[in-house]
Each structure stands twice: as C-alpha cells, then as structure tokens.
C-alpha cells in the first residue's frame, strides 16, 4: 500500500464520521466544524481520484488543504479547552456533543485526522 491509500482511509473515515454525527445523530455542526469539513471532504475525494486514475498526489494541494484544516481544528480545540472560551465563540462551537474518555471531542478527532494526513503525506521514511 502507498501513502495515499492510508491518507484516503483517514480522510474517508473523518468524512463519514462527520456525516454520521450530523445526519444520523443530528448533531448541529458549528461554523468552525463547517470550515474543517470544507478542507476534509475534498481531501477524501482527491485521494480517491488519485487512486482510481493512478496519478501522483499533488503535495502542494494536500499541504494547503490539510494545513488549513489543521490550523482551524487546532484553534477549535484550544478554544474548547481554555476557560471562558465561550467569550470568543458566537455560534455554539463549544457544545461538546461527544466526550469519549472525558477528553476526546469532535474537534479533537478532526485535529487528529488532519495531523495523521499531514504525517502520512509529508513524513520522510526509509524504503525497506
């Protein structure tokens, strides 16, 4: 398997997970969640098309999309964790719809997904 296969799995799981939370569980995404989706959904489609057409991955595109999504998700996680974070949020972005293990929230899941995509795509590795 190539890097793009692993990155596709991460992006597809993140995309399907966000759709599950909003369409099946009926959790309302906030503005920051929408912006994170804007950067995640195209990554899933892009990686799928690169696999189906056997094309090389455009690292600039992936870097911009995943990097922007990473920054937004990091901001969302920080906003969620600081005391009085609601003073900086005007659109219910601090509602914790999910709280696995007492600290894993939807913004943290998004942050982890973008981090994994960036590591998979850009971390150097040795060929065996």
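In this note's numbering, the protein residues as written are 88 to 215. For every residue, glycine included, the Cβ atom is placed at its ideal position computed from N, Cα and C.
- Listed in chain order, the non-local C-beta contacts of residue 159 below 8 Å within the same chain comprise 119, 122, 123 and 126, local neighbours out to five positions each way being set aside.
- Secondary structure of residue 95 (DSSP, three-state): helix.
- Straight across, the Cα-Cα distance linking residue 116 with residue 107 is about 11 Å.
- The beta carbon of residue 92 sits closer than 7 Å to those of 138, all from its chain and outside the five residues before and after it, given in chain order.
- Straight-line spacing of the CA atoms in residue 94 and residue 133 works out to 10 Å.
- With fewer than 16 neighbouring CB atoms inside 10 Å of its own CB, residue 103 falls in the exposed class.
- Comparing C-alpha distances from residue 195 to each of 208, 114, 99 and 163 shows the shortest one belongs to 163.
- Contact between residue 98 and residue 204 holds, with the beta-carbon distance rounding to 6 Å and staying under 8 Å.
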